[in-house]
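Numbering (the working numbering), first residue to last: 70 to 345.
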């Protein structure tokens, strides 16, 4: 077994402009913000981002890193709408594919299964088909029922954040929800996980059940130890969402005079140092 430990900048060095990148987590929960920060420092651009979005989307849009966004929602949870996402949508500054939450999961699952699509009833009779005219329907070969064919969301790379991992890529979540981080990794050519702490393989199951091992080493190409690496999103039970910092983020996003200083602080200030 090979040691896969990397730094955030080493992960980003593996990425290329124009890639399709899946970002795990959910809204403002367990987002790989240390890796997002490394992308912000990089020359990467023209990205297609697939995510249940939060501040990851907002920061990447503000930095003009994203050409196309494929999403089920973009929210800060306790603050309903991500401000940079709203501004980009209103200005028509980003190409978008807006799916139902379950459709996004189904697209990731199709890619993980190496299938071209998966059928669903979701979206039929709704404006999902209106706003996504490229979607197609298929007839069931068993009873002729018309179903929506959700295309596979194949990813060039996946970025996720969990609580613990060993150096080989076995990684676990300790909070209440795995979200879909395992699907992102299975749907991607290469997957990278940041964690609060790297521990020995034996320690992963000393205090947590084996079912908490969400990622197996065959799914992961790089592991980053990043204490506080989801800040300012939550990473339960290690820490909750930093609501005060998130409010400051939203206020700065709405003020062109304040945003450059906030952005610099987020990239190079105390918050960045915590996960350097």
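Note that CB positions come from ideal geometry on N, CA and C, so glycine has one too.
Per the coordinates, the alpha-carbon of residue 208 lies some 16 Å from the alpha-carbon of residue 194. Per DSSP, residue 121 is one residue of the beta strand (DSSP E) stretching across 116–122. By the criterion of at least three beta-carbon pairs nearer than 8 Å, the segment 175–194 is not in contact with the segment 143–153. Looking only at 309, 239, 330, 252, the smallest Cα-Cα distance to residue 279 is reached by 239. Contact check for residue 289 against residue 257 fails: the beta carbons are separated by 8 Å or more. By the Cβ rule, the segment 265–277 does not count as touching the segment 83–101, because fewer than three pairs are nearer than 8 Å. Membership of residue 153 in any beta strand (DSSP E) is not indicated; the residue belongs instead to the alpha helix (DSSP H) covering 152–160.
Using a Cβ-Cβ distance cut-off of 8 Å, the segment 195–204 and the segment 236–252 are not in contact, since fewer than three pairs of beta carbons, one from each stretch, lie closer than that value. Residue 187 is bridged by DSSP to 219.
In the pairwise beta carbon analysis, the segment 110–120 is classified as touching the segment 80–90: at least three pairs are separated by under 8 Å. When Cβ pairs closer than 8 Å are counted between the two stretches, the segment 158–166 is seen not to touch the segment 212–220, the count staying below three. At the C-beta level, residue 109 and residue 252 stay beyond 8 Å of one another. Taking C-beta separations shorter than 6 Å and ignoring five residues to either side along the sequence, the partners of residue 137 in its chain run 117, 164, following chain order. By the Cβ criterion, the segment 223–233 is not in contact with the segment 139–149, since fewer than three pairs of Cβ atoms, one from each stretch, lie closer than 8 Å. Residue 315 carries a helical assignment under DSSP once its states are collapsed to helix, strand and coil.
Using a 10 angstroms sphere on the CB of residue 287, the tally of other CB atoms stays under 16, which defines it as exposed. Going by beta carbons, residue 94 and residue 230 fall inside the 8 Å limit.
Secondary structure note for residue 331: it is in no beta strand (DSSP E), and the uninterrupted alpha helix (DSSP H) holding it is 328–337. Apart from the 5 residues on each side of it in sequence, residue 312 sits with its Cβ closer than 7 Å to the Cβ of 147 in its chain, given in chain order. The Cβ-Cβ distance between residue 168 and residue 127 does not fall below 8 Å. For the pair residue 249 and residue 174, the Cα-to-Cα distance works out to about 7 Å.
In the structure shown, residue 250 adopts helical secondary structure according to DSSP, grouped into three states. Here residue 294 is buried: its Cβ has 16 or more other Cβ atoms, across all protein chains shown, within 10 Å. With a threshold of 16 other beta carbon atoms within 10 Å, residue 183 falls short and is exposed. Inter-residue distance for residue 206 and residue 218 is about 5 Å (C-alpha atoms, whole angstroms).
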